[in-house]
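Trainee:
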Amino acid sequence: MRIDSDKHLPDSHIESTPLPLTEPIRFIWDKTPKQSVHNGRMKARFVTDLKAHRRLYRHIPDKDFSKKTIDSAFDQAFITLRQKFKIQRDESAALHVKQKEEAKALKARRLSRKKNKLTNRSEKRNGTEAFEHVTFDGALQLECMSSEESEPEDAPGSVSRPATTFRIRGLPWRSHRLRNFYMTLDEGDQIDKSTQPRRGLGRRDRCPGPNKEIYFLPPKGVASWMISRKWLNELQQTRPEIAPLMKDIVEDPPGFDWNIFLALGGEDSEEELEHPVGSQMAFNGMTFGHDLDFIQQQYLSPHQPINTSTSSLHNALASI
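Numbering (our numbering), first residue to last: 22 to 341.
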C-alpha cells in the first residue's frame, strides 16, 4: 500500500473504479475480499507478489507458504486493518476499543496480583510445619484469593485515600477461620519483606473493602471449615437449586484436629453470630447442629481428641 505506518491508513477505494497495476494496493474497507470483487483482486495481487519474492523470506519454511496458510494469514491481517481504519475514522469506535483495552489491562493486573498473593502464601505455608496437613491444600487455590482493586476516587461513600492504596475485596463464602489462616500467612510474609530493601515505590498500602458482589461458588477441593455458615444459610434461602452442588465441591481430609489451631479462632465470626443457629436447626434438609463433630470419630486416630466445638458443616453438607 506504500504507507509508512498503519496508524494512517489510506481512504477506502471506490467500488467499480479501475485501479492500474502501477498504483499501490487499495481496499474497500467496509467489505471483505469475499464480498467485494475489487478486494478479491487486491488479495490475489498481494499473494502473487508475496510468492514472487519468496527468496526474501529465507527463514520461513515452505509449509508456511501453502495456499491455506497464506489465505488464513491474509484474512486475519485484513480484519485487523479494517478495525484500525474504523477506529481512525470513527471516534466512538476508537473510544470503545480504548475502553475494551483498558478493561483487559485492568483484568490482567488484578489477576497478576492474585497470582502473586497465592505464590507468597503458598511459599509461607510450605515453610510452616504447623500447616503441613492436607486440609490446608484447598485454601491455596487462585479462586480462593481476594481481589485487590484500585479504589475509584468518585466511588459513593468512599473515604479519600492515596492513589497508591488497594481495596481488598474478599469472597462472601470464606469463613472466619479461613480469613484468619490467610492473615497468619500474610503477617509472616510482611515481616520477612519488611527487612528487605524497597525498590521503586515499594509495596502499595491495602485497606479492607466490601466483599465481591458477583456470585461465586467456592472452588472444588475446599474443606468445610473454609465455608461461612452464614453464607451457606443464605445460599439455601436464595439459591436452593445451587446449594446441593456444595456436596461435590467440599472435600474433608480425615484425621485433622482443630484443638491445636485455636489461634485461628472458632467457626463463627462476630458477624456470623449475629444470627446464631440453634443446636439442631434444620433448613431445607440441611442440619446445622453445634453438637455435631467436624470430623467423624471413625477417622480420628486413638490419641486424637474429638473437638465438638468446631464446625458442623461437614455433617450439614453430607445431608444435602
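Ideal Cβ positions, reconstructed from N, Cα and C, are used throughout, including at glycine.
Take proline 229 and list the residues in its own chain whose beta-carbon comes closer than 6 Å to its own, dropping the five residues that flank it on each side.
Mentor: Excluding positions up to five away in sequence, the list reads Ile189.
Trainee: By Cβ distance below 7 Å, which residues in the same chain neighbour serine 102 in space, the five residues on each side in sequence not counted?
Mentor: One detail in the question is off: residue 102 reads as leucine in this sequence, not serine. Asp27 and Leu30.
Trainee: Using the beta-carbon count (16 or more within 10 Å), is arginine 76 buried or exposed?
Mentor: By the neighbour-count rule (16 or more Cβ atoms within 10 Å), arginine 76 is not buried but exposed.
Trainee: Report the three-state DSSP secondary structure of serine 332 (helix, strand or coil).
Mentor: Bear in mind that a pLDDT of 45 at serine 332, under 50, signals an unreliable position, so the model cannot answer this.
Trainee: Run through DSSP, which three-state label would isoleucine 248 get?
Mentor: In the structure shown, isoleucine 248 sits in a strand (DSSP, three-state: E or B).
Trainee: Can you tell me which residues form a DSSP beta bridge with proline 229?
Mentor: Proline 229 pairs with Ile189.
Trainee: DSSP state of proline 177, grouped into three classes?
Mentor: Residue confidence is low: proline 177 scores 46 on pLDDT, short of 50, so the model does not pin down where it sits. Its coordinate-derived value is still stated next. Proline 177 falls in the coil class under three-state DSSP.
Trainee: Please name the residue, chosen from Val118, Leu192, Phe95 and Thr149, that lies closest to lysine 135 on a Cα-to-Cα basis.
Mentor: Checking every option, the nearest Cα to that of lysine 135 belongs to Leu192.
Trainee: Report the residue from Arg250, Glu272, Phe237 and Lys72 whose alpha carbon sits nearest the alpha carbon of alanine 244.
Mentor: Considering only alpha carbons, the answer is Glu272.
Trainee: Please report the straight-line C-alpha distance between tryptophan 50 and lysine 125, rounded to a whole angstrom.
Mentor: Between tryptophan 50 and lysine 125, the C-alpha separation is close to 26 Å.
Trainee: Give the secondary structure of lysine 122 by DSSP, where H, G and I count as helix, E and B as strand, and everything else as coil.
Mentor: Inspection of the sequence shows that residue 122 is occupied by glutamate rather than by lysine. Here glutamate 122 sits in helix by DSSP.
Trainee: Less than 8 Å between C-beta atoms, sequence neighbours within five positions excluded: which residues of the same chain meet that for isoleucine 270?
Mentor: Same-chain partners within the cutoff: Leu238, Pro239, Pro240, Lys241, Gly242 and Val243.
Trainee: Assign glutamate 164 to one of three DSSP states: helix, strand, or coil.
Mentor: Glutamate 164: helix per DSSP, three-state reduction.
Trainee: Distance, Cα to Cα, alanine 65 vs aspartate 96?
Mentor: In a straight line, the C-alpha of alanine 65 is about 12 Å away from that of aspartate 96.
Trainee: Give the straight-line distance between the Cα atoms of asparagine 305 and lysine 107, rounded to the nearest whole angstrom.
Mentor: Unreliable placement is indicated for asparagine 305, whose pLDDT of 31 sits below 50; no coordinate value is reported for it.
Trainee: Determine the DSSP secondary structure at serine 171, reduced to helix, strand or coil.
Mentor: The answer is strand: DSSP assigns serine 171 an E or B state.
Trainee: Under 8 Å, do leucine 199 and alanine 160 count as touching if we go by C-beta distance?
Mentor: Cβ atoms of leucine 199 and alanine 160: closer than 8 Å.
Trainee: Could you pull out every residue in the same chain whose Cβ sits closer than 6 Å to the Cβ of serine 400, ignoring the five residues on either side in sequence?
Mentor: The structure shown does not extend to residue 400, since the chain spans only 22 to 341, so no value can be given for it.
Trainee: Tell me the rounded alpha-carbon separation between isoleucine 24 and leucine 116.
Mentor: If I take the Cα positions, the gap works out to 25 Å.
Trainee: Which of the three DSSP states is assigned to arginine 131 in this structure?
Mentor: Looking at arginine 131 - three-state DSSP - the assignment turns out to be helix.
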